[in-house]
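First comes the structure, then the notes that go with it.
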Amino acid sequence: MKAFWLAAITACIWGVVPIVEKIALSKGMNPLMAVVVRNFGSVTAGVILWTIIARNPELTKTGSISAIILMFAGGALSAVVGQSFFYSSLKLGDVSKVVPIAGSYPLISFVLGILILGETVTLTRIMGVLCVVAGVILLK
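Throughout the sequence shown, residue numbering follows this note's numbering, covering 4 to 143 in sequence.
Here you go:
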């Protein structure tokens, strides 16, 4: 149940952020520069501040070289490439359409989780995927 509430809080935070970003983009900010500014704020300042606040020595431990490379690649793909496409679409389109379509990434994760990680398919999960697909179709 704790995972559910943490995910719900994440959804609330991630639901507010595109509104702030759309306002910034509407003030003439270039989408690529928006990625640079956002990542500086979130990655650099955020991680330093979070580490100071948490004061947890476990935060400084790292994983294997392959884990570090995978996390770096995931961050670059998500925070630079994905965010650039997202900001470009957000600048051009309505936030009420762009965010739900971009937010349909759980569908991709669902399929890849099955194919790559061997996760199980359940009726509940299929129903959730169908809801995501229906939502994207309705917004298109």
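Backbone N, C-alpha and C define an ideal beta-carbon position, used for all residues, glycine too.
Distance between residue j and residue i (C-alpha atoms, nearest Å)
i: Val-114; j: Gly-31; result: 37 angstroms
i: Ile-68; j: Gly-78; result: 15 angstroms
i: Ser-45; j: Ile-12; result: 17 angstroms
i: Val-19; j: Leu-118; result: 32 angstroms
i: Val-50; j: Val-98; result: 28 angstroms
i: Arg-128; j: Leu-9; result: 19 angstroms
i: Arg-58; j: Ala-48; result: 16 angstroms
i: Ile-72; j: Met-130; result: 35 angstroms
i: Met-36; j: Ser-92; result: 14 angstroms
Residues of its chain near residue i, where Cβ-Cβ distance is below 7 angstroms and the 5 sequence neighbours each way are ignored
i: Ile-104; result: Val-139, Leu-142
i: Thr-123; result: none
i: Lys-94; result: Leu-28, Pro-34
Beta-carbon separation (whole angstroms), residue i vs residue j, contact threshold 8 angstroms
i: Ala-76; j: Asn-42; result: About 15 angstroms; that fails the 8 angstroms criterion.
i: Glu-24; j: Tyr-108; result: Going by Cβ atoms, the distance from Glu-24 to Tyr-108 rounds to 17 angstroms, so no, they are not a contact pair.
i: Pro-21; j: Val-135; result: About 17 angstroms; that fails the 8 angstroms criterion.
i: Val-84; j: Leu-110; result: In fact, because the Cβ distance is near 19 angstroms, the residues do not count as touching under 8 angstroms.
Close beta carbons around residue i, own chain, < 6 angstroms, minus the five adjacent residues each side
i: Lys-100; result: Leu-142
Pick from the options that is closest to residue i, judged by C-alpha positions
i: Val-39; options: Val-98, Ala-70, Ser-87; result: Ser-87
i: Ile-26; options: Phe-7, Leu-80, Gly-96; result: Gly-96
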